[in-house]
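Data block below; observations after.
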Amino acid sequence: MNQAKLRQFQNFQFENNVVWKDFIKELDPTIPKERFEKLKKIWYRDNIDPEFDPEFIGNTNSYTTHENHTHSQQRRGFDLGEQTLVVKILLGVENFLKLAFIITSFIPIGPNTLFAAVACVLGLYRLCKFPQMTKEYGRLVLQNEFAQNLLFLFGHFFVYSFKTVFNVPLILHFALGLSSYILLLQGPIYELFKTKVDKIYQMKDQIYVLKYRIEIALVPASFVFLFLGKSSILTFVYFANFARIKYILVDKFKVECKYVNQKYLEPYKTNPILSYIIPAFQQLCSYLIPTW
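When the sequence shown is numbered by the working numbering, its final residue is 1604 and no position is left out of the sequence of numbers.
Here is the structure:
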């Protein structure tokens, strides 16, 4: 990479970019400057210039946006010294539990739902802070992916088999969270997994799309499992209602629902057999799922 691209990065107006502003809203306000700068370079490469090399430069002076965001967040928080330590501990525990859930999903040594539930509660606290009795806070929580994960996890009570299959949406979300955590940590762990971590981080949007589509697919899948004796009618009803609720609350999930319908349902309605099965399945959903 040449110096011209370096100057373009240094002169880029981050504060005027809407996508960038949305991105930094999700960052931990106590993130160190050097780690923030690393994320900034990767974001610039992923969203602005694919040929930009995040490793080409060492330091820049473009911290203003992050500092303003950090200071505004910290003014709403607790004592900075105490909060920094607490945040680090809770973030470490949260990601340890994510890793434990992923491992035990493939090596079933016992129930692992609690790992995921506690990790989601910690993630929800990290992003939404203490509960507030306001509509805005309620909307913020309900639309949060960790809160949606908790609703999804409740459905595990009705899953008799194929639990690893039902764990996949959580595994995808947790893998993305772990990669972000390792990226923040830097150091030897990051250097060891650098290629994989950067790759997962670059695929953030695709991972969310895949997560949503699998959550959608689990609705008909749980219906099929019912006939195989591996689930119950409660399994199907619960996950179908989960999809309906998430469709109402999460706009990006709604987009994927519409995509799946156009891509996988509408074209097959002209098939002599499927043209009967698909409407019949949708009619069944209308009976079992309120206001579907």
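C-beta atoms are modelled at their ideal positions from N, C-alpha and C, and glycine is treated no differently. These numbers come from a predicted model, not from an experiment.
Nearest-angstrom Cα separation, counted from residue j out to residue i
i	j	result
Leu1452	Val1531	26 Å
Ile1622	Ile1336	Residue coverage of the chain in this structure runs from 1313 to 1604, which leaves residue 1622 outside it and unanswerable.
Leu1482	Gly1489	10 Å
Leu1351	Glu1406	21 Å
Thr1377	Gln1498	With a pLDDT of only 43 at Thr1377, under 50, the local geometry of the prediction cannot be trusted, and the value read off the model is given with reservation. Distance between the alpha carbons of Thr1377 and Gln1498: 22 Å.
Leu1403	Gln1514	21 Å
Val1331	Ser1534	37 Å
Val1398	Lys1575	46 Å
Asn1359	Phe1321	12 Å
Leu1339	Arg1438	10 Å
Gln1315	Phe1326	19 Å
Arg1319	Pro1362	15 Å
Thr1507	Pro1500	13 Å
Gln1444	Leu1434	16 Å
Lys1447	Glu1503	43 Å
Phe1505	Ile1545	43 Å
Ile1557	Gly1450	14 Å
Phe1442	Lys1317	43 Å
Ile1401	Asn1424	21 Å
Phe1478	Tyr1559	18 Å
Leu1496	Asp1334	18 Å
Lys1516	Asp1510	10 Å
Gly1422	Phe1469	15 Å
Gly1389	Asn1329	No answer about Gly1389 holds up, because its pLDDT of 35 lies below 50 and its placement is not dependable.
Thr1382	Val1536	For Thr1382, the predicted structure reports a pLDDT of 39, less than 50, and the residue's modelled location is therefore unreliable. The matter cannot be settled from this model.
Beta carbon of residue i nearer than 7 Å to that of residue j
i	j	result
Ser1543	Thr1476	no
Ile1526	Val1480	yes
Ile1512	Ser1491	yes
Ala1412	Leu1465	no
Pro1366	Lys1353	yes
Tyr1356	Phe1364	yes
Phe1486	Ile1414	yes
Ile1528	Ala1552	no
Leu1561	Lys1523	no
Leu1454	Val1430	no
Leu1540	Phe1548	no
Gly1467	Tyr1550	yes
Leu1426	Asn1456	no
Limits of the alpha helix (DSSP H) - the one that residue i falls within
i	result
Lys1353	1345-1359
His1485	1475-1497
Thr1446	It is not in any alpha helix (DSSP H) - Thr1446 carries neither H nor E in the DSSP assignment.
Asp1365	That residue, Asp1365, is in no alpha helix (DSSP H); it is neither H nor E in DSSP.
Asn1323	1315-1323
Gln1275	Beyond the ends of the chain as shown, which are 1313 and 1604, falls residue 1275; an answer cannot be given.
Ile1336	1330-1337
Gly1435	1425-1440
### Query
Given 8 Å as the limit, is there contact between the stretch 1554-1574 and the stretch 1452-1469, that is, 3 or more CB pairs closer than that?
Contact between the stretch 1554-1574 and the stretch 1452-1469 is established, with three or more Cβ pairs separated by less than 8 Å.
### Message
Which complete beta strand (DSSP E) runs does the stretch 1499-1575 hold, if anything under 3 residues is left out?
### Response
Fully enclosed beta strand (DSSP E) runs of 3 or longer: not present.
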